[in-house]
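Undergrad:
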Amino acid sequence: MRTWRRRALTHAGCLGIGLLVAVSLKQAASMGQPGVPADGGAAGGGASEKIPARSGRSAGAKVLSNGPAAAKTSGKNDFRGAWDAIASRNLTVSQRLEMQIGVLREWSMVDMEGAMQAALDNAWDGGTQKGGVGPLMVAFDEAFQARPMDAWDLFESGKLGLGTALFRRQWIESASKTEPVFVVSVAHRIPFPHSMTAVQSAMRMAGGNPELKELVVRQLIGMPDLAGTNGLIAAAFNSLPAAEGNAAEVRGRLAAATDERAKTVLLHEFSATLRDAGATTLSAEWAKLTPEMQKRAAVAFLNGPQGTKNAPAVLDMLMATDQWDRVTAAGNQLLEYSRNVRDTKQLADWGMKLPERPEADHLFRRTIDPLINRDNAGAREWIDSLPAGNPRKDRILFAYTQNAIFARNDEGLFQWAVERMSDPETKAAAQRSYDGWAKRRGLGGN
Numbered sequence: 001m002r003t004w005r006r007r008a009l010t011h012a013g014c015l016g017i018g019l020l021v022a023v024s025l026k027q028a029a030s031m032g033q034p035g036v037p038a039d040g041g042a043a044g045g046g047a048s049e050k051i052p053a054r055s056g057r058s059a060g061a062k063v064l065s066n067g068p069a070a071a072k073t074s075g076k077n078d079f080r081g082a083w084d085a086i087a088s089r090n091l092t093v094s095q096r097l098e099m100q101i102g103v104l105r106e107w108s109m110v111d112m113e114g115a116m117q118a119a120l121d122n123a124w125d126g127g128t129q130k131g132g133v134g135p136l137m138v139a140f141d142e143a144f145q146a147r148p149m150d151a152w153d154l155f156e157s158g159k160l161g162l163g164t165a166l167f168r169r170q171w172i173e174s175a176s177k178t179e180p181v182f183v184v185s186v187a188h189r190i191p192f193p194h195s196m197t198a199v200q201s202a203m204r205m206a207g208g209n210p211e212l213k214e215l216v217v218r219q220l221i222g223m224p225d226l227a228g229t230n231g232l233i234a235a236a237f238n239s240l241p242a243a244e245g246n247a248a249e250v251r252g253r254l255a256a257a258t259d260e261r262a263k264t265v266l267l268h269e270f271s272a273t274l275r276d277a278g279a280t281t282l283s284a285e286w287a288k289l290t291p292e293m294q295k296r297a298a299v300a301f302l303n304g305p306q307g308t309k310n311a312p313a314v315l316d317m318l319m320a321t322d323q324w325d326r327v328t329a330a331g332n333q334l335l336e337y338s339r340n341v342r343d344t345k346q347l348a349d350w351g352m353k354l355p356e357r358p359e360a361d362h363l364f365r366r367t368i369d370p371l372i373n374r375d376n377a378g379a380r381e382w383i384d385s386l387p388a389g390n391p392r393k394d395r396i397l398f399a400y401t402q403n404a405i406f407a408r409n410d411e412g413l414f415q416w417a418v419e420r421m422s423d424p425e426t427k428a429a430a431q432r433s434y435d436g437w438a439k440r441r442g443l444g445g446n
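What follows is the structure, given as structure tokens:
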């Protein structure tokens with residue numbers, strides 16, 4: 001069924017049902033509802049919840065009126081009458097919210113704009129506190145599912161002003177259930193970080209349906225080439241479960257692709273399928289790509305979960321493809337990896353193989369610190385195993401001296417490292433560190 005026809009029929013059906021409900025809702029709000037006693041007792045809100053003051057009556061008042069609300073309305077205005085009548089009832093915040101959500105749920109199916117404006121005007125019990133606007137958003141779930149385009153048109157019209165931001169998260173969650181393709185098509189017009197939430201939510205909803213997923217992918221391919229577009233594409237695929245078994249199939253589609261944006265999208269999909277892969281599998285799958293795609297895939301891995309999960313393997317890819325600017329920028333990923341690595345000696349061994357280039361120089365210290373910090377005895381054994389004359393050995397010994405005095409307050413370990421240094425300048429730098437440490441501890445020093 002065409003989208004415009006589905007929207008029209010849905011709206012007409014909602015209007016007919018909603019008008020029948022409106023009168024009964026207004027009566028419930030005016031007369032009280034089952035389970036909500038006239039004295040504002042425990043139903044819905046708990047016996048200890050107090051009844052707040054509201055405009056028109058003081059806190060703890062019995063009721064403003066024991067009879068029906070005075071408003072005599074018809075059509076859509078019945079919802080306004082029901083809404084206004086709630087304010088006059090002697091209800092706790094929880095009871096009042098329950099009634100408001102019931103009115104808004106039906107009202108939004110008939111008059112979405114009117115219901116949204118009413119919700120924005122709600123500040124009866126403390127503004128943004130429990131009785132504020134936020135808890136009411138759930139009331140729009142059904143309307144946003146049934147008429148997501150109408151809601152989007154309202155957002156774009158500017159009629160809701162800054163209030164649009166309050167509805168956006170609920171709209172993303174609801175609209176993704178019924179119109180995920182539409183949600184992705186407008187994601188680039190949604191401010192960050194909600195744009196990221198939009199593509200993730202929509203892709204999760206479409207992921208189990210191959211035809212629907214293909215339509216979502218087409219929308220990703222057609223996204224405007226903006227600064228955050230690659231991030232949105234990556235986020236969409238990373239919201240799906242990892243599937244290493246699909247890597248070969250995605251690689252085949254990548255080899256056949258001719259459109260550059262399609263290649264970008266497929267690279268992010270390829271990266272996402274290998275999101276949970278180990279370093280060996282990741283490197284093996286990467287090696288099967290063409291040289292051009294290897295270069296681009298290395299960047300996709302770096303910017304995805306693998307950039308931290310298997311940082312050394314990804315850095316090897318970047319260095320193999322001469323992307324030294326990316327290597328320089330990857331320090332944070334390696335640092336995060338080093339904080340969680342289990343085999344600290346393996347990381348130190350990898351660091352010893354880094355090329356002697358300025359772009360990789362800053363990474364070296366991050367590869368040896370975990371071993372020195374966590375396994376001091378193992379670090380000494382590893383250092384002693386390094387061949388004499390290794391140009392990096394003195395740098396490692398200097399790092400060891402810093403840990404010995406500043407982290408362990410151990411002069412013996414400091415002297416052990418200094419005695420093995422061969423470079424006079426490195427030894428002098430270590431001695432200066434020692435002198436400063438000794439003075440602070442009242443041990444003298446030069």
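Counting with my numbering, you get residues 1 to 446 for the letters of the sequence shown.
Glycine residues also receive a C-beta, built at the ideal position from the N, C-alpha and C atoms.
Residue range of the alpha helix (DSSP H) that I374 falls in?
TA: Per the sequence presented here, residue 374 reads as Arg, with Ile not at that position. Segment 358-374, the alpha helix (DSSP H) holding R374.
Undergrad: Looking only at C-alpha atoms, which of L318, A287, L397 sits nearest to A417?
TA: It is L397 whose Cα lies nearest to the Cα of A417.
Undergrad: Excluding five sequence neighbours on each side, which residues of the same chain lie with their C-beta closer than 7 Å to the C-beta of Q431?
TA: Within the same chain, Q431 has no close Cβ partners at all.
Undergrad: Check the C-beta distance from M109 over to A143 and give it rounded, since I have them as a contact under 8 Å.
TA: Sure, about 5 Å apart at Cβ, within 8 Å.
Undergrad: For H362, which residues of its own chain have a beta-carbon under 8 Å away from its beta-carbon, when the five flanking residues on both sides are left out?
TA: Answer for H362: T328, G331, listed in chain order.
Undergrad: Which runs of the alpha helix (DSSP H) at least 4 residues long sit entirely within the segment 233-304? Give them in chain order.
TA: 247-256, 260-273, 279-287, 291-303, all fully within the segment 233-304.
Undergrad: Whose C-beta lies closer than 7 Å to the C-beta of W350 among residues of the same chain, with five residues either side of it excluded?
TA: Excluding sequence neighbours, W350 sits near P312, T367.
Undergrad: Closest by CA to A438, which one among R96, Q402, E419?
TA: Here the closest residue by C-alpha is Q402.
Undergrad: Please confirm if the segment 203-222 is in contact with the segment 242-253, defined as three or more CB-CB distances below 8 Å between the two stretches.
TA: These segments do not touch.
Undergrad: Compute the distance between the beta-carbons of L166 and V133, then report whether it is under 9 Å.
TA: Yes, these two residues count as a Cβ contact at 9 Å.
Undergrad: Is the CB-CB distance between A298 and Q323 below 9 Å?
TA: Their beta carbons are under 9 Å apart, which means A298 touches Q323 by this criterion.
Undergrad: Is it the case that the segment 216-224 contacts the segment 170-177, given that we only count it when at least three CB pairs across the two stretches are under 8 Å?
TA: As far as the Cβ criterion goes, the segment 170-177 does not touch the segment 216-224, which means the pair count is below three.
Undergrad: Counting C-beta neighbours from all protein chains within 10 Å, is the total for P391 16 or more, i.e. buried, or is it exposed?
TA: P391 comes out exposed.
Undergrad: If you follow the alpha helix (DSSP H) that F167 is in, where does it begin and where does it stop?
TA: Looking at the DSSP string, the run of the alpha helix (DSSP H) that includes F167 is 164-178.
Undergrad: Closest by CA to P148, which one among G163, I172, L318?
TA: Of the listed residues, the one whose Cα sits closest to P148 is I172.
Undergrad: To the nearest angstrom, how far is it from the Cα of M99 to the Cα of A82?
TA: For M99 and A82, the distance between alpha carbons rounds to 9 Å.
Undergrad: Just how far apart, CA to CA, sit V21 and L267?
TA: At V21, the pLDDT of 40 sits below 50, so the modelled position is not reliable and the matter cannot be decided from this model.
Undergrad: According to DSSP, is N409 part of a helix, a strand, or is it coil?
TA: The answer is coil: DSSP assigns N409 none of H, G, I, E or B.
Undergrad: Tell me which same chain residues have a C-beta within less than 7 Å of the C-beta of A404, skipping the five on either side of it?
TA: Here the set comprises D410, L413, F414, A417.
Undergrad: By the three-class DSSP mapping on this structure, what secondary structure does K353 have?
TA: DSSP places K353 in coil when its eight states are reduced to three.
Undergrad: Can you tell me whether L162 is buried or exposed? The criterion is at least 16 other CB atoms within 10 Å of its CB, across all chains shown.
TA: Exposed.
Undergrad: Do you know how far the Cα of V217 is from the Cα of D447?
TA: Residue coverage of the chain in this structure runs from 1 to 446, which leaves residue 447 outside it and unanswerable.
Undergrad: Tell me whether the beta-carbon of V199 lies closer than 9 Å to the beta-carbon of L232.
TA: Yes. Within cutoff.
Undergrad: Helix, strand or coil for F192 per DSSP?
TA: F192 falls in the coil class under three-state DSSP.
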